[in-house]
Amino acid sequence: MQIGVESGSDRILKLIKKGITVEQILRVNKKLRHAKITPMYSFLIGTPYEHREETIKTMDLVFKLLKDNPDAVTTNLQTYKPFPGTELFDVAVEEFGYMKPCNITDWIDLWNVTFPYDSNVKENHFHPIFQSCHLADQL
2 MQIGVESGSD RILKLIKKGI TVEQILRVNK KLRHAKITPM YSFLIGTPYE
52 HREETIKTMD LVFKLLKDNP DAVTTNLQTY KPFPGTELFD VAVEEFGYMK
102 PCNITDWIDL WNVTFPYDSN VKENHFHPIF QSCHLADQL
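So the sequence shown is residues 2 to 140, counted in our numbering.
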């Protein structure tokens, strides 16, 4: 069962209108373990307005879920990508100067975007976090 957890921060979960809390995620993880259902969790980082501490909370949640449920699996950590039609896409365009895709090639390249919407967010912001979690090679 794949579950898009996305963040370990209740503030970010609310911002992206996920409709869940970290506490609910932890409870469901334990219930899935007892039901012998293997969850596959996905996470993202780099959401507009996300603070470094919230990225760390996400990494902490990854490890907590795996500790509480050894059968759980996580996908590769993803970076936020502005998705057209969402409020955060408009935020990326209006507040951070993200350029809307103009042609089919731009739309195809949208999937490869990392941290385009905020010049203050650099990959080196996340590198120490990944390094401390032995995930630096994934950058």
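Positions of the beta carbon are idealized from the N, C-alpha and C atoms, including for glycine. Since the structure is predicted, the reported quantities are computational estimates derived from the model, not experimental observations.
A residue is called buried when at least 16 other Cβ atoms come within 10 angstroms of its Cβ; Ala93 meets this threshold and is buried. The continuous stretches of alpha helix (DSSP H) do not include Glu51, and DSSP gives it neither H nor E. The shortest CA-to-CA distance from Lys65 to any of Asp110, Cys103, Lys31 is the one to Lys31. A direct Cα-Cα distance of roughly 18 Å separates Ala36 from Thr75. A straight line joining the alpha-carbon of Pro102 with that of Asp91 spans about 13 Å.
In the displayed model, Thr39 falls within coil according to three-state DSSP, outside both helix and strand.
Looking from the CA of Thr87, the closest CA among Lys19, Ser43, Met2, Arg53 belongs to Lys19. For Ile21, there is no enclosing alpha helix (DSSP H), as DSSP gives it neither H nor E. Burial check for Phe44: the Cβ neighbour count within 10 Å reaches 16 or more, so the residue is buried. Taking Asn70 as the centre and dropping the five residues before and after it, the same chain places the C-beta of Asn30, Lys31, Leu33, Arg34, Pro40 closer than 8 Å to its C-beta, in chain order.
Rounded to the nearest angstrom, the Cβ distance from Glu7 to Leu14 is 7 Å, consistent with a contact under 8 Å.
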